[in-house]
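Single-structure report; data block below.
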Amino acid sequence: MQDILAKVQGAFHDAFGIDPQSVSFETGPDDVPGWDSAGHLFLVSNLEQALGVNLDVDDVMEMETVRDIVRVIQAKLAA
Amino acid sequence: MNESETPPSTNFAGRLVRRLGKLSYLIDAATGEAIVPSDLGRLISSFGANLLSAGLKPGDPIVIGCVLSPASSIAYLGAMYAGLVPVPVEESKLPLAGNVLLNRVAAKALWTEKLCTFDWKCPEGFDFIFGHPSEMPAGTIPPAPRQEDDLAALVATSGSSDVPRFVMVSHGNLIANTEAIIRSQHLENDERAMLILPVSYCFGASVLHTHLYSGGGVVFDRRFMFPDKVLHAVNRYECTTFAGVPTVYNILLRRSNIRSIALPGLRRFLQAGGPLAPQHVQEMRSIVPAARFYVMYGQTEATSRISCLDPENLHQKLGSVGQKLDNLTVQILDAEEQAVPAGQTGEIVVRGPSVSLGYLNEPEATRRAFKDGWLHTGDLGRLDEDGYIWIEGRKGAFLKVRGVRVNFAEVEARVAAVPGVYECSAAAVAHPEAGEALVLYIVPDKTADRVAERVRRSLPVHWTCDSIRIVSELPKTSSGKVSREALAREGNRAS
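Residue numbers (numbering that gives the first Met the number 0), protein chains in the order written: chain A, 0 to 78; chain B, 0 to 494.
Rendered as structure tokens:
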């Protein structure tokens, strides 16, 4: 789980240019400047690249916090 | 307020308040907060009264920190109602560039919904006002008397830089454009718009204005990163209008479940802010056939909208931005600024009561864009025999990424500052989600490595970059300038 979080933090850094350490499980769109509808698309494509997963429409809809993102990706990797 | 005795005000917000109807709700979809119609007019008026009792005067600019919410819309309209000049700015822009913005517009005050702290210092004698209008002392005032030519708002052009250019919009501009838009969209008195575009953007503001002015209401939703939530909110709040820029429709088509979420109450889609591919317009039509699809064209310099494609003729005129609004005159000018006949391409110029007063503190730019009452849009296009406008390109050197203007010069300056870059030129290519995206041609320093990677990391998130091409030199014109035409040819060949 920490491993996934580290990669998610990296994807946040690439998408929004923020300090990876500032990204925690509780981080949500209100905490990250640029995490709007367009930013979400950057984030999704960065996550797909960093973790080698394919995220579909329903996955993307569920990703409301970093915790959700890690959960969705964990499920993908386990499947 | 006694409505029967006073003559119709030329204060736009005053006029709007008089026309609010029994469906004029403002709703925040994320929280469910609703301002009910019986409170809305009173809150607009009392917010204005509060500004005056804080010592502000009619004509004073006040920056309104906007989020997609009822409160910031009330603050914006309330300031205008009291005769002040609201400057709507996205609240998220304030931490970085707020002080520069305040100085640029010579603001006397700043309002935000919540108490914000900024790193920069407020100018001397400056009021920082915060709080939800409903939590401020009550007490209403009549709308401040304003003439048609009086400044109503300062509206940022949809530029990408942190400190934008401001357009001076008058009360008369707003009244004329709002009424013409209402006619062109056939708005009834029972409309409700879903607004996901900020009110600081002229298209977003026009949706707020037209729906309240015709007696309807507006639902705000800042959750478009989860598009299905917004689609469900359209149904939950029985919205009749949905407004978006091309990126919004591209996201709906590719990243939402719009094909399985029926939208039975929706009457119309509004689309502006750059070209949406005709096949995407048709796709939207086939997915939601009951909603009429309005393609529109506009500019902040013309208050908001300039033309509208009547949905009855959408199929026949697909690719056009429609006919001019009924109170405007549109002409196409050649390089000698002579009007050309139908079918010929030139610069689109516009005249009429919604052509704005010009740019704030930029007499030279104003003189170039506003000549003898004609707004020179910088857009290239033609009129067909039926008077439909077909946009073919832009005179100015900018591209539109996700509906936002990005200046090539600004991009090039930013990229040229990256260590290892010797020379750079930017071009635009069509992009499935962003509408247009950047292609960067970079001549690296001889010794530099990983330049492309460093450049990519230096770009702001909102500058979608399609590709970075490392080249040994840039094509130049005879005068030594980089030839954009040659670059565009090269880009098309390569892609």
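Beta carbons are placed, not taken as given, at the ideal position from N, Cα and C, and that holds for glycine. Here the structure is a predicted model, which means the values were calculated and not measured.
For B:A204, which residues of its own chain have a beta-carbon under 6 Å away from its beta-carbon, when the five flanking residues on both sides are left out? As a position in the second sequence, residue 204 of chain B is number 205, starting the count at 1. V198.
Are the segment 308–327 of chain B and the segment 282–300 of chain B touching by the rule of at least three beta carbon pairs closer than 8 Å? With the cut-off at 8 Å, the segment 308–327 of chain B and the segment 282–300 of chain B touch.
If you scan the segment 418–468 of chain B from start to end, which runs of the beta strand (DSSP E) of 3 or more residues do you find wholly inside it? 420–430 and 434–443
Taking C-beta pairs closer than 9 Å, name the residues in chain B that A:D35 reaches, listed in chain order. Translated into the one-based positions of the first sequence, residue 35 of chain A becomes position 36. Residues of chain B whose Cβ lies closer than 9 Å to the Cβ of A:D35 are, in chain order, S91, R221, F223 and M224.
Nearest residue (CA-CA) to B:G77, options B:F127, B:A12 and B:P226: Your numbering for residue 77 of chain B matches position 78 in the second sequence. Closest option to B:G77, Cα to Cα, is B:A12.
Terminal residues of the alpha helix (DSSP H) in which A:D67 lies: The residue labelled residue 67 of chain A in the question sits at position 68 within the first sequence. A:D67 -> alpha helix (DSSP H) spans V65 to A77.
Residue from B:V280, B:Q298, B:A334 and B:K113 with nearest C-alpha to B:Q315: The residue given as residue 315 of chain B occupies position 316 in the second sequence. Answer by Cα proximity: B:V280.
Of all the options B:T365, B:M79, B:V450 and B:F268, which has the alpha carbon lying nearest to the alpha carbon of B:A152? Locating residue 152 of chain B in the second sequence gives position 153, counting from the first residue. Of the listed residues, the one whose Cα sits closest to B:A152 is B:M79.
How is the alpha helix (DSSP H) around B:Y200 delimited, first residue to last? For the purposes of this step, residue 200 of chain B is taken as residue 201 along the second sequence, with counting starting at 1. It is not in any alpha helix (DSSP H) - B:Y200 carries neither H nor E in the DSSP assignment.
In three-state DSSP terms, what is B:E187? On the second sequence, position 188 is the one that residue 187 of chain B refers to. Looking at B:E187 - three-state DSSP - the assignment turns out to be coil, as it is neither helix nor strand.
Residues of chain A with CB closer than 7 Å to the CB of B:N256, please, in chain order. What you label residue 256 of chain B is simply residue 257 of the second sequence in a count that begins at 1. Here the neighbours are V56.
Per-residue contacts from A:E63 into chain B (C-beta, under 8 Å): Counting from one through the first sequence, the residue named residue 63 of chain A turns up at place 64. Those are F225, listed as they occur along chain B.
Just to make sure I have the definition right: I need the residues of chain A whose C-beta is within less than 7 Å of the C-beta of B:E432. Which are they? In the second sequence, counting from the first residue as 1, residue 432 of chain B sits at position 433. Neighbours of B:E432 on chain A, chain order: L40.
Can you tell me where the alpha helix (DSSP H) holding B:R145 begins and where it ends? In the second sequence, residue 145 of chain B corresponds to position 146, counting from 1. Segment: none, B:R145 is in no alpha helix (DSSP H) and carries neither H nor E.
Measuring straight from C-alpha to C-alpha, what distance separates B:R235 and B:M193? Locating residue 235 of chain B in the second sequence gives position 236, where the first residue counts as 1. Locating residue 193 of chain B in the second sequence gives position 194, where the first residue counts as 1. Their backbone Cα atoms lie some 11 Å apart in a straight line.
Look at the alpha carbon of B:R254 and the alpha carbon of B:I286, and state the distance between them as a whole number of angstroms. For the purposes of this step, residue 254 of chain B is identified with residue 255 of the second sequence, where counting begins at 1. For the purposes of this step, residue 286 of chain B is identified with residue 287 of the second sequence, where counting begins at 1. Going by the C-alpha atoms only, they are around 14 Å apart.
Per-residue DSSP class, three states only, for B:A276: Translated into positions along the second sequence, residue 276 of chain B becomes position 277. Reduced to three states, the DSSP call for B:A276 is coil.
Any C-beta of chain A sitting closer than 9 Å to the C-beta of B:I195? Locating residue 195 of chain B in the second sequence gives position 196, counting from the first residue. For B:I195, the answer is yes, since a Cβ of chain A falls inside 9 Å of its Cβ.
How far does the beta strand (DSSP E) with B:G47 in it reach, from first residue to last? Within the second sequence, residue 47 of chain B is the residue found at index 48, counting from 1. It is not in any beta strand (DSSP E) - B:G47 instead sits in the alpha helix (DSSP H) that spans P36 to S52.
Should A:H12 and A:P28 be called a contact, given that it needs their Cβ atoms to be closer than 9 Å? Against the first sequence, residue 12 of chain A aligns to sequence position 13. Against the first sequence, residue 28 of chain A aligns to sequence position 29. No, they are not a contact pair.
Within 10 angstroms of the Cβ of B:S159, are there 16 or more other Cβ atoms? Answer buried if so, exposed if not. The residue you call residue 159 of chain B lines up with position 160 of the second sequence. Legend: pLDDT at B:S159 = 45, less than 50; position of this residue unreliable, value from coordinates given subsequently. Buried: at least 16 other Cβ atoms inside 10 Å.
If you count every other CB in all the chains shown that lies within 10 Å of the CB of A:I72, and 16 or more means buried, which is it? For the purposes of this step, residue 72 of chain A is identified with residue 73 of the first sequence, where counting begins at 1. That one is buried.
I'd like to know if B:V450 contacts chain A, where contact means its C-beta is closer than 9 Å to some C-beta of that chain. Here the question's residue 450 of chain B lines up with position 451 in the second sequence. Not an interface residue.
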